[in-house]
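Let me begin by presenting the structure, written as structure tokens, before commenting on it.
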Amino acid sequence: MKVLILSISTGQGHIAAGQAIKNAFEQRGVDCEVLDAYEYIEPILSYLVSKGYLLSTAYAKKISSKLYDIVVKKNKPSKKYSVQKITNTVWAKDLNKYIEETKPDVIICTHVLSSILVSIMKEKYWSEAVTVGIVTDFTVHPLWEEARLLDYYVTPHQQLKFQMKKKGLDPAKMLPIGIPIKSKFSEHRDQNHARSMLNLDVHKNTILLMSGSMGYGKIDESIQMLDRLDLDFQVIVVCGNNKKMYKKVKNLATKKRFDIYGYVDNVDVMMDAADCIITKPGGITASEALSKGLPMIMVNPIPGHEMRNVEFMMNNGLAIYATNSFPLDEAVYTLFQNPDRIKMLRSSIEVYRKQNSAQNLCDFLIKQFK
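If you read the sequence shown in the working numbering, its first letter stands for residue 1352, the second for the next number, and so on.
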């Protein structure tokens, strides 16, 4: 059995999902390769798409939000001779050269754009591989209607069935096993043990404050707001790849204990140590927190898909959303002053969380192959 994972470099979530799946396959002795589809077709295309995504999320949020809202209403695929359809067909033909050379038995797409290319290959009968699309947020993204011919669609929850039907996707092909995440987020340590591993006070309430892998978010403002709260707690702060922010917050004078980190690879331990997490609502981070049973306070969502994640979490009682009118300090105060609120969140999370998603996907596909 040979597996090819096709990703696109827009944010770290798609890459992280692909890596989690690759690790799970390799643990089972299956040959698995990850390829950036656009990078293979044309490196400049990959660069422009990646750069455009970063710029839109950092500097043109209102515009990208309106564009998202317009595109999300589109439920019919593009016409046969539209510019979009012709362009994607040309790119699919270029990518198919790699498929013909490597002959994978299974193709897994962790981005809707690579899913579209593979769907065109299925339409043209260029490949007989089993094909899977991964929905990496708690919503069916715009453009999934262009990828209707895949064999399976992995979703974070069965509640996305209605959205799939609206997009013209076959609900019978849905695998609601959760967004693929690393297996360590399905493992659980005793909270005091995790705090000891991080040299924290085992008896003190603990908050994990994260900005996401790309380092976006107003971490410095959040620290100052939390430091003013008349509550006793300690905070683990993860700045991700934002070195400038790391240096800035490292030099902040605070009354409370704030342990400042840059990019780390032990977020699973930090989640076990925490009573709640303050984070941007990316699909991967939200899935990791849910798998750990950790209550979330969501902040600074990227317009579009992350706002849809907020809506899913709020509508299902899985998290708290801090806004201008319900600021972070009030959200934290409300949570820690009402222990029953934390219990309610944990109870809802227990119903909705999905564990071992990458492993379950691999086992399913291996069984199908056999």
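Quick reminder that beta carbons are idealized off the backbone N, C-alpha and C, glycines included.
Residue from Asp1382, Leu1551 and Ile1471 with nearest C-alpha to aspartate 1456: Asp1382
Rounded separation between serine 1407 and histidine 1554 - CA only: With a pLDDT of 48 at serine 1407, under the threshold of 50, the modelled position of this residue cannot be trusted, and the question is left open.
Aspartate 1578, DSSP secondary structure in three states: helix
9 Å Cβ cutoff met for glutamine 1585 and asparagine 1556: yes
Beta-bridge partners of methionine 1561, as assigned by DSSP: Val1589
Beta-carbon proximity check, isoleucine 1558 vs leucine 1641, cutoff 9 Å: no
Sequence-distant residues of its chain with Cβ nearer than 7 Å to glutamate 1364 (five each side left out): Here residue 1364 turns out to be glycine, not glutamate, going by the sequence shown. Cβ neighbours of glycine 1364 beyond the five flanking positions: Thr1487, Gly1633, Gly1634 and Ile1635.
Start-to-end residues for the alpha helix (DSSP H) that takes in phenylalanine 1715: 1708-1720
Nearest candidate by alpha-carbon position, reference asparagine 1711, set Ser1358, Arg1379, Thr1361 and Ile1356: Arg1379
Stretch-stretch touch, CB-based, cutoff 8 Å, three pairs: the stretch 1490-1500 with the stretch 1606-1614: no
DSSP state of asparagine 1651 mapped onto helix, strand, coil: coil
Cβ-based neighbour list, aspartate 1578, same chain, cut-off 7 Å, excluding 5 preceding and 5 following: Thr1605, Lys1606 and Lys1607
Contact check, alanine 1388 vs leucine 1464, beta carbons under 9 Å: yes
Spatial distance of methionine 1352 from alanine 1480 (CA atoms): 11 Å
One or two residues paired with valine 1481 in a DSSP bridge: Val1457
Length of the line joining the Cα atoms of tyrosine 1410 and asparagine 1667: Any reading at tyrosine 1410 must be qualified, since the residue scores a pLDDT of 46, below 50, and its modelled position is unreliable; the value itself is stated next. Going from the Cα of tyrosine 1410 to the Cα of asparagine 1667 covers about 31 Å.
Start-to-end residues for the alpha helix (DSSP H) that takes in arginine 1692: 1690-1703
Close beta carbons around lysine 1601, own chain, < 7 Å, minus the five adjacent residues each side: Ile1611
First and last residue of the uninterrupted alpha helix (DSSP H) at lysine 1516: 1512-1517
Three-state secondary structure (DSSP) of valine 1505: strand
Arginine 1608, DSSP secondary structure in three states: strand
Three or more C-beta pairs below 8 Å linking the stretch 1694-1708 and the stretch 1644-1663: yes
Nearest neighbour of alanine 1443, chosen from Ser1466, Thr1453, Ile1629 and Lys1430 [CA to CA]: Ser1466
Alpha-carbon spacing of threonine 1674 relative to valine 1650, whole angstroms: 7 Å
Counted within 10 angstroms of its Cβ, other Cβ atoms place alanine 1637 as buried (16 or more) or exposed: buried
Cβ of proline 1527 within 9 Å of any chain B Cβ: Among the protein chains of the structure shown there is no chain B, as only one such chain exists.
Opening and closing residue of the beta strand (DSSP E) in which tyrosine 1672 lies: 1670-1672
Among Arg1704, Ile1717 and Ala1709, nearest to glutamine 1510 - alpha-carbon criterion: Arg1704
Those residues which DSSP pairs with asparagine 1556 across a bridge: Phe1584
Environment of proline 1428 [buried if 16+ CB atoms lie within 10 Å]: buried
Proximity below 9 Å, CB of methionine 1576 to CB of proline 1652: no
Straight-line gap, tyrosine 1404 to isoleucine 1366 (C-alpha atoms, nearest Å): Caution is warranted here: a pLDDT of 48 is assigned to tyrosine 1404, below 50, making its placement in the model unreliable, and the coordinate value is therefore given only provisionally. Approximately 14 Å, taken between the alpha carbons.
Residue range of the beta strand (DSSP E) that includes lysine 1353: 1353-1358
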